[in-house]
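Colleague: Residue numbers (numbering that gives the first Met the number 0), protein chains in the order written: chain A, 0 to 235; chain B, 0 to 199.
We put the beta carbon where it would ideally sit given N, CA and C, even for glycine.
A quick note: this is a predicted structure, and the numbers were derived from the prediction, not measured.
If you scroll down you'll find the structure; I have some questions about it.
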Amino acid sequence: MRNPFARRHPFGEEELSSYLDGQLSPAESARLEEHLASCEPCGRYLEELRAVVEGLRRLPSAPAPRYFALRPEQVEAPTRRAPVGPDAWAQRVSAFGPAGVAAAALLLFFVLVGVDLGTLGGKGAPEGVAPAPSVEEAYEAGQALGAAPAPTPAPAPAERAATDEGEKVGTPEPTVGAPTPAEAPAAMAPPGAAEEGGHAGRWVLRGFQGAAGAAFLAAMAALVWQRRRRRGADHR
Amino acid sequence: MHAAAPEDSRLVALAQEGDLAAFNALVETYQRQVYNLCWRMLGLREAAEDATQEAFLSAYRNIRRFRGPSFRAWLLRIAANAATDELRRRRRRPQVSLEAPLSSSETALDLPDPSAGPEECALRLEQARHIRAALLTLPPDQRLSVILADVQGLSYEEVGQVMGSSLGTVKSRISRGRARLRRYLLERGELSLPGQRPIQ
Chain A
0 MRNPFARRHP
10 FGEEELSSYL
20 DGQLSPAESA
30 RLEEHLASCE
40 PCGRYLEELR
50 AVVEGLRRLP
60 SAPAPRYFAL
70 RPEQVEAPTR
80 RAPVGPDAWA
90 QRVSAFGPAG
100 VAAAALLLFF
110 VLVGVDLGTL
120 GGKGAPEGVA
130 PAPSVEEAYE
140 AGQALGAAPA
150 PTPAPAPAER
160 AATDEGEKVG
170 TPEPTVGAPT
180 PAEAPAAMAP
190 PGAAEEGGHA
200 GRWVLRGFQG
210 AAGAAFLAAM
220 AALVWQRRRR
230 RGADHR
Chain B
0 MHAAAPEDSR
10 LVALAQEGDL
20 AAFNALVETY
30 QRQVYNLCWR
40 MLGLREAAED
50 ATQEAFLSAY
60 RNIRRFRGPS
70 FRAWLLRIAA
80 NAATDELRRR
90 RRRPQVSLEA
100 PLSSSETALD
110 LPDPSAGPEE
120 CALRLEQARH
130 IRAALLTLPP
140 DQRLSVILAD
150 VQGLSYEEVG
160 QVMGSSLGTV
170 KSRISRGRAR
180 LRRYLLERGE
190 LSLPGQRPIQ
């Protein structure tokens, strides 16, 4: 903003404006008055500013066009009734809104992905984790490696059961990829059956995952739609 | 500074207990000031009515949070916020331009005291029209500070309370607002003082 006084005058617009309102200290006011006595542009600026302020003060105060008193129905907060009747459960669920549904669907999706990775292993395992070999593979590997100590802290129960049967007491334990308890039944079953069961389970899980994903997307769409609708209502 | 009236304190205490009649007594006391603040901020009566109603509703809903000292400053702050919200809303959906030339129905409220004489009356009416239009060209923070200080007559301290700003900020906003108004009026030949050449 241009300030006509900034370069040539010791007082700026703010000081002159404050002077009009009696906001300067007596010492500052005295210095300003001394300057005004010898500076015509500052004197004129002050008069113009005074005319603006007087014009503003003369603006009439309009009467209120109506009585703005509040009515009881205006101030009553909308009360939420506890859901009753056959639709109670649905009402309670809908009270969480699409955001709650979306969060639940997302949680379900990740839980199912976790179950998928945990139970079905192999293809679904994350990178860096070796696929678990069957007991036979592990046993053969142990033989090939000689009497290497097992790095795994403890054998899985199913595996321990296999060794307790006394086929080879004192034989080296598998060195890598000890199956987890969840994997043990699959490892004990014939290879063909395990593969078939794994496929069936995986397809069921994929179905659940797809449903959860679809529910998540639907809930997000409902959320967006609801917000747009609310915004539209605000504008009306 | 406007001291909190004892009657205000009593009514505020009752309203904080949920007494709507007590709150409506406060509405009656301040509705003219709140409405005028909104009207000067917005320049349109209809918008000012909406903002005023919204301000009182918001004040009632939040009155338990009021801790003093000045109920008037607290209420005007709510009104200023309501007016600013209304301003934003109307800028997003410009049905009527807030910067449009002032209609006769709006100007009618600026009628000066008829005792001033017909010529003086016409002159003041014209000046009021220009000042009101000039006010609408100010940025909202400068507009609010000028309206509070010069139109409504609040002290700098009270303007600071309403705006939640320091005294230095208030002084600066008032001064910049007045400087802009001066320039606007000079450019339209509405402020030339007799026998003097205006400073540009």
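In this structure, does DSSP put residue 136 of chain B in helix, strand or coil?
Modeller: Stepping through the second sequence from its first residue, residue 136 of chain B is reached at position 137. Here residue 136 of chain B sits in coil by DSSP.
Colleague: Quick one: what does DSSP say residue 62 of chain A is sitting in, helix, strand or coil?
Modeller: As a working mapping, residue 62 of chain A is identified with position 63 in the first sequence. Here residue 62 of chain A sits in coil by DSSP.
Colleague: Quick test of the definition: if touching needs 3 or more C-beta pairs under 8 Å, does the region 36-53 of chain B touch the region 77-96 of chain B?
Modeller: Counting Cβ pairs under 8 Å, three or more are found: they touch.
Colleague: So, is the C-beta of residue 30 of chain B closer than 8 Å to a C-beta in chain A?
Modeller: Mapped onto the second sequence, residue 30 of chain B falls at position 31. True, the Cβ-Cβ gap to chain A drops below 8 Å.
Colleague: What did DSSP end up calling residue 153 of chain B once you bin it into helix, strand or coil?
Modeller: Numbered from 1 along the second sequence, position 154 holds the residue referred to as residue 153 of chain B. If DSSP states are grouped into helix, strand and coil, residue 153 of chain B belongs with coil.
Colleague: Just to confirm, are residue 65 of chain B and residue 67 of chain A a CB contact at a threshold of 8 Å?
Modeller: Sequence index remark: in the second sequence, residue 65 of chain B carries index 66 (1-based). Sequence index remark: in the first sequence, residue 67 of chain A carries index 68 (1-based). No. Outside cutoff.
Colleague: Measuring straight from C-alpha to C-alpha, what distance separates residue 180 of chain B and residue 123 of chain B?
Modeller: Here residue 180 of chain B is taken as the residue at index 181 of the second sequence, counted from 1. Here residue 123 of chain B is taken as the residue at index 124 of the second sequence, counted from 1. If you take the alpha carbons of residue 180 of chain B and residue 123 of chain B, they lie about 16 Å apart.
Colleague: Could you spell out where the alpha helix (DSSP H) holding residue 54 of chain A opens and where it closes?
Modeller: Stepping through the first sequence from its first residue, residue 54 of chain A is reached at position 55. Segment 39-57, the alpha helix (DSSP H) holding residue 54 of chain A.
Colleague: Looking at C-alpha atoms only, which residue of A/72, A/219, A/11, A/201 is the closest neighbour of residue 113 of chain A?
Modeller: Here residue 113 of chain A refers to the residue found at position 114 when the first sequence is read from its first residue. The residue with the shortest Cα to Cα distance from residue 113 of chain A is A/201.
Colleague: In the DSSP assignment, the alpha helix (DSSP H) including residue 173 of chain B goes from what residue to what residue?
Modeller: The residue you call residue 173 of chain B lines up with position 174 of the second sequence. Its alpha helix (DSSP H) spans residues 166-186.
Colleague: Suppose the cutoff is 7 Å on Cβ atoms and the five residues either side in sequence are ignored; what does the same chain contact list for residue 58 of chain A look like?
Modeller: Locating residue 58 of chain A in the first sequence gives position 59, counting from the first residue. Nothing listed; no residue qualifies.
Colleague: Does the distance from the CB of residue 214 of chain A to the CB of residue 104 of chain A come in under 8 Å?
Modeller: For the purposes of this step, residue 214 of chain A is taken as the residue at position 215 of the first sequence. For the purposes of this step, residue 104 of chain A is taken as the residue at position 105 of the first sequence. Yes, the pair counts as a contact, with Cβ atoms nearer than the cut-off.
Colleague: For residue 67 of chain A, which residues in chain B fall below 7 Å Cβ to Cβ?
Modeller: Looking up residue 67 of chain A in the first sequence gives position 68. 26, 30, 51, 52, 55, listed in chain order.
Colleague: Closer than 7 Å by beta-carbon distance: list the chain A residues that pair up with residue 173 of chain B, in chain order.
Modeller: The residue labelled residue 173 of chain B in the question sits at position 174 within the second sequence. The answer, in chain order, is 16.
Colleague: Tell me, please, whether the CB atom of residue 63 of chain A is closer than 8 Å to any CB atom in chain B?
Modeller: Position 64 of the first sequence, counted from the first residue, corresponds to residue 63 of chain A. Yes, because at least one Cβ of chain B sits closer than 8 Å to the Cβ of residue 63 of chain A.
Colleague: Is it right to say residue 56 of chain A is buried, meaning 16 or more other beta carbons lie within 10 angstroms of its own, or is it exposed?
Modeller: Within the first sequence, residue 56 of chain A is the residue found at index 57, counting from 1. Burial call: exposed.
Colleague: Using a 10 Å radius around the Cβ and a threshold of 16 neighbouring Cβ atoms, would you call residue 61 of chain B buried or exposed?
Modeller: Translated into the one-based positions of the second sequence, residue 61 of chain B becomes position 62. Residue 61 of chain B should be labelled exposed.
Colleague: Hey, how far is the Cα of residue 207 of chain A from the Cα of residue 224 of chain A?
Modeller: Numbered from its first residue, the first sequence carries residue 207 of chain A at position 208. Numbered from its first residue, the first sequence carries residue 224 of chain A at position 225. Whole-angstrom Cα-Cα distance: 25 Å.
Colleague: Please state whether DSSP places residue 12 of chain B in a helix, a strand or coil.
Modeller: On the second sequence, position 13 is the one that residue 12 of chain B refers to. Three-state result, residue 12 of chain B: helix.
Colleague: Got a sec, what are the start and stop residues for the alpha helix (DSSP H) residue 22 of chain B sits in?
Modeller: Indexing the second sequence from 1 puts residue 22 of chain B at position 23. Where residue 22 of chain B is concerned, the enclosing alpha helix (DSSP H) stretches over 19-41.
Colleague: Please state whether the Cβ-Cβ distance between residue 7 of chain B and residue 70 of chain B is less than 8 Å.
Modeller: Taking the first residue of the second sequence as position 1, residue 7 of chain B is located at position 8. Taking the first residue of the second sequence as position 1, residue 70 of chain B is located at position 71. Yes.
Colleague: Just verifying my parser: in three-state terms, what is the DSSP assignment at residue 92 of chain B?
Modeller: The sequence position of residue 92 of chain B within the second sequence is 93, counting from 1. Note: residue 92 of chain B maps to coil in three-state DSSP.
Colleague: Is it right to say residue 216 of chain A is buried, meaning 16 or more other beta carbons lie within 10 angstroms of its own, or is it exposed?
Modeller: For the purposes of this step, residue 216 of chain A is identified with residue 217 of the first sequence, where counting begins at 1. With fewer than 16 Cβ atoms within 10 Å of its Cβ, residue 216 of chain A is classed as exposed.
Colleague: Take the Cβ of residue 13 of chain A as the centre, count every other Cβ of all protein chains shown within 10 Å, and call the residue buried at 16 or more, exposed below.
Modeller: Translated into positions along the first sequence, residue 13 of chain A becomes position 14. Buried is the call here.
Colleague: Check whether the Cβ of residue 72 of chain A lies closer than 8 Å to any Cβ atom in chain B.
Modeller: Here residue 72 of chain A refers to the residue found at position 73 of the first sequence. Not closer than 8 Å to any Cβ of chain B, the Cβ of residue 72 of chain A fails to qualify, so no.
Colleague: Between residue 47 of chain A and chain B, is any beta-carbon pair separated by less than 8 Å?
Modeller: What you label residue 47 of chain A is simply residue 48 of the first sequence in a count that begins at 1. Yes - at least one Cβ of chain B is within 8 Å of the one on residue 47 of chain A.
Colleague: For residue 204 of chain A, name the three-state secondary structure that DSSP assigns.
Modeller: The residue given as residue 204 of chain A occupies position 205 in the first sequence. Residue 204 of chain A: helix per DSSP, three-state reduction.
Colleague: Report the residue from B/27, B/67, B/75 whose alpha carbon sits nearest the alpha carbon of residue 65 of chain A.
Modeller: Taking the first sequence and counting its residues from 1, one reaches residue 65 of chain A at position 66. Looking at the Cα atoms, B/27 is the closest of the given residues.
Colleague: Please list the partners that residue 36 of chain A has in chain B, where partner means a Cβ-to-Cβ separation under 8 Å.
Modeller: Here the question's residue 36 of chain A lines up with position 37 in the first sequence. Within 8 Å Cβ-Cβ: nothing; residue 36 of chain A doesn't reach chain B, min ~17 Å.
Colleague: So the alpha helix (DSSP H) residue 22 of chain A belongs to, where does it begin and stop?
Modeller: Numbered from 1 along the first sequence, position 23 holds the residue referred to as residue 22 of chain A. Neither: residue 22 of chain A is in no alpha helix (DSSP H) and is coded neither H nor E.
Colleague: Suppose contacts are defined by Cβ-Cβ distances below 8 Å. Is residue 47 of chain A in contact with residue 134 of chain B by that definition?
Modeller: Within the first sequence, the letter at position 48 stands for residue 47 of chain A. Within the second sequence, the letter at position 135 stands for residue 134 of chain B. No, the pair does not count as a contact, with Cβ atoms beyond the cut-off.
Colleague: Is the separation between the beta-carbon of residue 63 of chain A and that of residue 30 of chain B shorter than 8 Å?
Modeller: Here residue 63 of chain A is taken as the residue at index 64 of the first sequence, counted from 1. Here residue 30 of chain B is taken as the residue at index 31 of the second sequence, counted from 1. In this structure, residue 30 of chain B lies closer than 8 Å to residue 63 of chain A by Cβ.
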